[in-house]
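Chains as they are written, first to last, in numbering that gives the first Met the number 0: chain A, 0 to 241; chain B, 0 to 323; chain C, 0 to 295.
First the structure, in the form of structure tokens, and then the observations on it.
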Amino acid sequence: MSGLLEVQGVSKRFGGLTAVREVDFTMAEGELVGLIGPNGAGKTTLFSLLSGFLHPDEGRIRFADIDLDGLTPERRCRLGLTRTFQLVKPFANMTVEENVMVGAFVRVGTPRAARAEASRILALTGLASLARSRAGTLPVEQRKRLEVARALATRPRLLLLDEVFAGLNPTEINGMVAFLETLHAERMTLLVIEHVMAVIMRVSERIVVLHHGEKIAEGAPAEVVRNRRVVDAYLGEEFALA
Amino acid sequence: MTSTRPAVLLVVVLGLMALPLTTSNDYYLDIIVQIFLWGAAATAWNLLGGYAGQFSLGHAAFFGIGAYTSSLLLTGARVSPWLGMLAGALLAALFALVIGYLSIRLRGPFFTLSTIALTEVLQILAIHWRGLTGGSEGVSLPNAASVWTMTFDGRRTYAYVGLGFLLLAVLVSWLIERSRWGYYLVAIREEEDAARSIGVPVLGVKLGAAALSACLTAVVGTFYAQYVLWIEPAHTFSIDISIQLALMVIIGGLGTLLGPLIGAALIIPLNMFLRAWLGAAVSGLYLVIYGLVLVLVVLYARAGIVAEVQRVMRRHPVPRQSPA
Amino acid sequence: MIFVELVLAGLMLGGVYALISIGLTLIFGVLRVVNFAHGEMLMLGMFAAYWASTLGGLPPYVTAVAALPLFALFGWLVYRLIVRRTLGMGDVVQIFATVGVGVVLQNAALVLWTGDFRTIRSGYADAVLRVGGIQVSVPLLVAFAVAIGVSGLLFLFLNRTLEGRAVRAVAQDPISALALAIDTDRVYMRTFVLGVCCVGLAGVLLAPSYPIFPAIGLSFGLVSYVVVVLGGLGSMAGALLGGFVIGLIEVLSGYFLGTALKQAIYFLIFVLVLLVRPQGLFGQRGAETMGFGKIA
């Protein structure tokens, strides 16, 4: 049985530093998997490898039975793999609506259709009232939502979310969690990097833990939390597990 | 990003059409022709520089290709410049595609560097390939007025032909602004990586913009050749042309529809005025002023004069039209 | 024998190119700014030597030292008034601010001194060293020696002194450097001034060997960009090696292909580098795409 995403023995080195070391895991369609690990564990590097911004030195990545080797990020998005960025990158001089339209254009051809799609997505993500605002003027929480909305417009099969909760207050976190759960309920496959542990434990079906580029644990949240290696890895970090 | 309102455009177009009728003085008509000519070229540059954010200082190459292709075809094979123009546009587009493909991974200043290098090479080729281009002496074009050879008797006629090219460039920009391609261009300019991650075909979009920009610039180059009736490498492939185009667009407003024209309308008269005032002897002085203006605008008013004016006007409520 | 002379000439020229490019790569490596006015600054250095020689009778190697404070002041002014305001401001500002400076410098020179070709008439300019049947131009030899010397000094500075390490820290990670209480603005300023001094010095040393006129900045500037791209953006060693390679190629191609195609060769090299190894000989992969470089 092959999963939607298959990562096999993927490694990436930068000069002398091994950022990702022989990482294996798979994801089935519709799963919500959390990707955690201390700072510098290689999580964002892994996202860059999955989305095509970096090329692995070793290993393979298969998505929907297609080998992604050599495919550009644009191409992967068309295939259904979209990522967001930890440091959000809104198109500052475009309106919120236009930002989302850019994402929609990968599926529809005309500005009119894109605008319709964007309206739908904006309503879904609670950004409808800001449709005509310049993206550059938005506060952090809205920017993060915009980043997600824009990615959603590409109708991904697999969405890679990079720290969407960072910098949000508890109310905003709840809102985002509810939103993720809606997406999950609609069978969208999600791989979520997160530092805010309380959230990731709540939301994920399964968790993959990276440390120094290696996968050190994988399993249900409750198991992972009790894993000796995981606890050791986080000792010294400012964390409250669960 | 919001598209310019059709009503505004209509008013501007009507105004431009009326402009050549306001004077019979050759000197002023010359200024008008030049405003239209350089406005068209600047609008072409804006496609790549303003909308896509790829700053080329090599557009003189396309300008020169257009000018030389049509001129050599005219003098060598009696081909009408109207056809030669198309050949020039095609050549320029091909050239842009090749260079674009090579430079595609270069960002910011490195892309600009490579465009400078390529113009230099073309200039050298034009100077040394004397058999083809006549070398430094350049190419002289026949003076006889005839529509078929794109040569006209009065400057007013030239003005209207030039206006035609300007309107072509503006129309192309307007159509792109409102199309998917236009959104893609701006997205790439704003955040190229984010654009890639949501499926924007960056390579295709950039190359397309480069080719289109090159085409239009080459077309204007042909018109230029037919206006001045003598072209030579030192001027036609000069980096000064490239810088002037960029300057006009930056002053008028990068990535706006009418910014390039506004920039041209400001710079050309200034140019003529300075030359008249300072005299031919101090031929570099107006360029010193250009350079200073460029530095000042870029440091203190980088959205362009249009945007600055709008910003000031925003203190007083005005019907809204957001700048790009 | 001819071949040996050509190689020597190529190396001498290469040394000069290296000296010109060191300033450029230093400024880029630390400030992440491509100095589009680099060629024009070289031109100013050449004119400095010319006027010092014509008006004051000073030989270029004296001007080289005496003019340094002038170059430093000039660099400081350009940094404080202009370059500093371009940092972190995006492509438009960074590119066109220095382009504008270049335009101003070139045309101010044109206005002040006209486009006439000038040459330095002095014994020094024509001096030639004869070793075993081979002729070597003395000014170029001096420039070569200075290039090596300056590279060596810079290397020592960057790697062995505290200040130099601060420079490297800022080059690698300005934010962390700030956190370490390094005054990044001062580092930027000093690096820029250093870069300007290097290129001004190169101009003075080159002046005896070339005609001096305002537009000469353009061709030398272009060469320095090619050298820096070839050697790797931000790499001292790259600028040195790249300079030699370009110098050799230029002399050899000039001899075998004629001077006309010389400059076309640069472009070819430029293109080849971009295609085959865009980070250059010593640069970090991605420098030309992301604009990052390692000072080495």
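Built from N, CA and C at the ideal position, the CB exists for glycine as well.
Point to revise | residue 193 (chain C) and residue 43 (chain C) closer than 8 Å at C-beta | key: no
Check your understanding: Can a CB atom of chain B be found closer than 8 Å to the CB of residue 17 (chain A)?
Key -> no
Point to revise | Neighbourhood of residue 289 (chain C) by C-beta, 6 Å cutoff - its chain only, sequence neighbours within 5 removed | key: With a pLDDT of 42 at residue 289 (chain C), under the threshold of 50, the modelled position of this residue cannot be trusted; read the value that follows with caution. Correct list: empty, nothing qualifies.
Practice item. Could you run through the stretch 69-93 of chain A and flag, in chain order, every residue whose CB is less than 9 Å away from some CB of chain B? Key: Within the stretch 69-93 of chain A, the residues whose Cβ lies closer than 9 Å to some Cβ of chain B are 71, 72, 73, 74, 75, 76, 77, 81, 82, 83, 84, 87, 88, 89, 90, 91, 92 and 93, listed in chain order.
Point to revise | Burial state of residue 116 (chain C), where buried means 16 or more other Cβ atoms lie within 10 Å | key: exposed
**Study point:** Helix, strand or coil at residue 88 (chain A) according to DSSP, with G and I counted as helix
**Key:** coil
**Study point:** Cβ neighbour criterion (16 or more within 10 Å) applied to residue 161 (chain A)
**Key:** buried
Review point. When burial is assigned at 16 or more other CB atoms within 10 Å of the CB, is residue 136 (chain B) buried or exposed?
Key: exposed
Review point. If you draw a straight line from the alpha carbon of residue 89 (chain A) to that of residue 89 (chain C), how long is it in whole angstroms?
Key: 16 Å
Practice item. Would you please state the rounded distance, in angstroms, between the beta carbons of residue 55 (chain B) and residue 21 (chain B)? I believe it to be under 8 Å. Key: Not quite, the Cβ-Cβ distance comes to about 34 Å (not below 8 Å), so this is no contact.
Check your understanding: Got a sec: is the Cβ-Cβ distance from residue 188 (chain A) to anything in chain B below 8 Å?
Key -> no
Point to revise | Residue(s) in a DSSP beta bridge with residue 210 (chain A) | key: A:213
Practice item. Can you tell me which of the three DSSP states residue 251 (chain A) falls into? Key: Residue 251 (chain A) lies beyond the stretch modelled for chain A, which goes from 0 to 241, so this question has no answer here.
Practice item. Give the DSSP bridge partners of residue 57 (chain A), in chain order. Key: A:10
Review point. Taking Cβ-Cβ distances below 9 Å as the criterion, which residues of the stretch 43-55 of chain A are in contact with chain B?
Key: 50, 51 and 52
Check your understanding: Nearest chain B C-beta to residue 136 (chain A) closer than 8 Å, yes or no?
Key -> no
Check your understanding: Skipping 5 residues on each side, what residues in its chain have a beta carbon closer than 6 Å to that of residue 186 (chain B)?
Key -> 194 and 199
Point to revise | Endpoints, alpha helix (DSSP H) assigned at residue 114 (chain C) | key: Run containing residue 114 (chain C): none; DSSP gives neither H nor E here.
Practice item. Ignoring anything shorter than 4 residues or poking outside the stretch 229-266 of chain B, list the alpha helix (DSSP H) runs there in chain order. Key: 232-235 and 238-251
Check your understanding: In chain order, what residues of the same chain have a beta carbon less than 7 Å from the beta carbon of residue 190 (chain C), not counting five sequence neighbours either side?
Key -> 25, 26, 29, 30 and 166
Check your understanding: Does any residue of chain C bring its CB to less than 8 Å from the CB of residue 307 (chain B)?
Key -> no
Point to revise | Contacts of residue 231 (chain B) in chain A (Cβ-Cβ under 9 Å) | key: The premise fails here: residue 231 (chain B) is roughly 41 Å from chain A at the closest Cβ pair, so nothing lies under 9 Å.
Review point. So which residues on chain B does residue 92 (chain C) lean against when the C-beta distance must stay under 9 Å?
Key: 297, 298 and 301
Check your understanding: Would you report the Cα separation of residue 68 (chain B) and residue 40 (chain A), rounded to the nearest angstrom?
Key -> In a straight line, the C-alpha of residue 68 (chain B) is about 58 Å away from that of residue 40 (chain A).
Practice item. Tell me whether the beta-carbon of residue 305 (chain B) lies closer than 8 Å to the beta-carbon of residue 261 (chain B). Key: yes
Review point. Roughly how many angstroms separate the alpha carbons of residue 247 (chain C) and residue 225 (chain C), rounded to a whole number?
Key: 14 Å
Point to revise | Beta-carbon neighbours of residue 266 (chain C), restricted to chain B and to distances below 8 Å | key: Against residue 266 (chain C), the close residues of chain B are 116, 117, 119 and 120, in the order they occur along the chain (beta-carbon pairs closer than 8 Å).
Review point. Which word fits residue 107 (chain B), buried or exposed, when buried means at least 16 other C-beta atoms lie within 10 angstroms of its C-beta?
Key: buried
Practice item. Tell whether a beta-carbon distance below 8 Å holds between residue 235 (chain B) and residue 63 (chain B). Key: yes
Exercise for review: Go to residue 20 (chain C), then tell me how far its alpha helix (DSSP H) extends in each direction, as first and last residue.
Suggested key: 1-30
Practice item. Compute the distance between the beta-carbons of residue 80 (chain C) and residue 216 (chain C), then report whether it is under 8 Å. Key: The answer is no: Cβ separation not under 8 Å.
**Study point:** Under 8 Å between C-beta atoms of residue 144 (chain A) and residue 157 (chain A)
**Key:** Taking the C-beta atoms as reference points, residue 157 (chain A) is found no nearer than 8 Å to residue 144 (chain A).
Practice item. Identify, in the order they occur along the chain, each residue of the same chain with its Cβ nearer than 7 Å to the Cβ of residue 219 (chain A), setting aside the five sequence neighbours on each side. Key: 205
**Study point:** Cross-chain neighbours of residue 147 (chain A) in chain B, by beta carbon under 7 Å
**Key:** Simply none; closest approach about 11 Å.
Review point. Under 8 Å, do residue 98 (chain B) and residue 121 (chain B) count as touching if we go by C-beta distance?
Key: A distance of 8 Å or more separates the beta carbons of residue 98 (chain B) and residue 121 (chain B).
Practice item. Tell me where the alpha helix (DSSP H) around residue 233 (chain C) begins and ends. Key: Premise fails: residue 233 (chain C) is in no alpha helix (DSSP H) and is neither H nor E.
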